[in-house]
Structures are given as C-alpha cells and as structure tokens.
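Quick notes on the structure that follows.
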C-alpha cells in the first residue's frame, strides 16, 4: 500500500484553539490517522497566534509558508525549519515546510501558460537544487482536472514531481 500523510486544512475561523482541535479530531476519526500536519486555507495565518494554536492542537508540520500570488521563498530559504516563538524566546518542534510554487500563482497571477510555467519552474527548481534545498509546491485538485482554465496543466504538475 502507498504511504501517505493526511493533514488538516483549517477554515477561516479555526484560529480559535478549541475549534481547531475539533476539526482535527473529526478528520482523525474519519481517516483513522493521527493528524500532525496542516496548511491554512488561503494561507491565512497570524503570527504567532496561528502557529501557537496549531502547536497546542498537536500539529507538528505546517505547510502555509509560501505565496499564492507569486513564486519564491517567503521565508527566504528552501529548507524546512523549526518555528521559533519570538514572544516566548523558544524553539519549538513545529516544523515549517516552506513551498516556493503554487499553481494559482503561475496560472492566475503570473498569467503563464503551461509551457511558460514549466520554464519558470525549471529556474526555481535549479535554484533549490543548487543549494541542496527542499523543493515543495502546492497544486489544488482542480488544477489536475484538465477542465476549464486548467486544460494542459497536468504536465506542469508532472514536471514539478520529476527529479
């Protein structure tokens, strides 16, 4: 069987700790898996509140550190890192996994066609490889649908997965 991880995708109002814990519990019950990872809906988060809530709810891997409207390195690096809580002056074991490409950034905000998206992504992948970094990206399920504005985008996804 394939190994996979299921993560929570909290809604807008789930910054409240109890609501977030409830969402995680529901997802864990449905999947039968421990939920330790997540990415915020629309990448909406407030520091340090969101990370504190996620941490308190048992999340240990967080995937929201990136841009939805452009490509690049929001945290300035291409490596996962542990979140340092500046208010408490402690390093936590909440691992932040930054991403450098999101499908909607390429297609909607940068107005690239699939071929241009592959060329642009090649430059970013090269930069990550040059520093032996960790290449992470976000694609939504509809961008793999080959319908509407996403016709022709599956090869971009396949390219991003390739070595």
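Numbering (the numbering used here), first residue to last: 2 to 164. Even for Gly, the Cβ is constructed at its ideal location relative to N, Cα and C. The structure presented is a predicted model; accordingly, all values stated were derived computationally and were not measured.
DSSP bridge partner residues for residue i (one or two, in chain order)
i           : result
residue 9   : 39
residue 85  : 92
residue 102 : 138
Whole-angstrom distance between residue j and residue i, CA atom to CA atom
i           : j           : result
residue 82  : residue 148 : 36 Å
residue 61  : residue 79  : 18 Å
residue 162 : residue 113 : 19 Å
residue 24  : residue 146 : 27 Å
residue 27  : residue 5   : 18 Å
residue 123 : residue 138 : 13 Å
residue 116 : residue 154 : 9 Å
residue 18  : residue 8   : 17 Å
residue 130 : residue 68  : 20 Å
residue 37  : residue 58  : 9 Å
N-terminal and C-terminal residue of the alpha helix (DSSP H) that residue i is part of
i           : result
residue 161 : 155 to 162
Exercise. Enumerated in chain order, which unbroken segments of the alpha helix (DSSP H) with a length of 4 residues or greater are wholly contained in the region 23 to 70?
Worked result: 50 to 57
For this session: Could you name each continuous alpha helix (DSSP H) segment of 4 residues or more that falls completely within the region 109 to 152, going from the start of the chain to the end?
Result: Counting whole runs of 4 or more residues, the region 109 to 152 contains the alpha helix (DSSP H) stretches 115 to 131.
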